[in-house]
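To start, the structure under review is shown below, and the notes come after it.
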Amino acid sequence: MGTISRRSFVQQAGLLAGATALRAADAPADYTLEIATTKVDLSPKHSIRTTAYNGQVPGPLLRLREGRPVRIKVTNRSANPEIVHWHGLFLPSLHAP
1 MGTISRRSFV
11 QQAGLLAGAT
21 ALRAADAPAD
31 YTLEIATTKV
41 DLSPKHSIRT
51 TAYNGQVPGP
61 LLRLREGRPV
71 RIKVTNRSAN
81 PEIVHWHGLF
91 LPSLHAP
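Numbering of the sequence shown is given in my numbering, commencing with residue 1 and proceeding in unit increments.
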């Protein structure tokens, strides 16, 4: 079995990591959320219009593994701007230095 220098190992590991990152950028989302307005019947004579996620009120529970990056595609089909509050998720700032 041959030997490999530390420098060669680090270079090859860097190439592998870069190739993996490029594939991840093109990968489809792990989850998709579609925001839309829906009607909910509270009783036979009373209904309301509210916001649903993937047709559900409340929206679906997303179970994620700590430390694992995730891609979530969000499509807003409602007539209003919407904000999703991601409980417990660290989101990098778009305006970070």
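Backbone N, C-alpha and C fix where the C-beta goes; we use that ideal spot for every residue, glycine too.
Candidates the options, of which the one nearest residue i by Cα
| i | options | result |
| --- | --- | --- |
| Leu89 | Arg68, Pro81 and Lys73 | Arg68 |
| Gly59 | Ser5, Arg7, Thr3 and His87 | His87 |
| Asn54 | Leu42, Lys45, Val70 and Thr37 | Thr37 |
| Thr51 | Gln12, Val84 and Lys45 | Val84 |
| Ala79 | Arg49, Ser43, Val57 and Arg6 | Arg49 |
Three-state class that DSSP yields for residue i in the structure shown
| i | result |
| --- | --- |
| Arg49 | strand |
| Ala21 | Residue placement at Ala21 is poorly supported in this model, since its pLDDT is 49, which falls under 50; the coordinates are not used for a value here. |
Contact belief for residue i with residue j at Cβ below 8 Å, rounded distance in angstroms
| i | j | result |
| --- | --- | --- |
| Glu34 | Arg71 | Contact flag wrong, Cβ pair sits at about 15 Å. |
| Ser47 | Val57 | About 12 Å; that fails the 8 Å criterion. |
- Item | At least 3 beta-carbon pairs within less than 8 Å: the region 24-40 vs the region 56-64 | The region 24-40, when compared against the region 56-64, does touch it at the 8 Å Cβ threshold.
- Query: If you scan the region 31-81 from start to end, which runs of the beta strand (DSSP E) of 3 or more residues do you find wholly inside it?
  - Reply: Every unbroken stretch of the beta strand (DSSP E) spanning 3 or more residues and falling wholly within the region 31-81 is given here in chain order: 31-43, 46-53 and 72-76.
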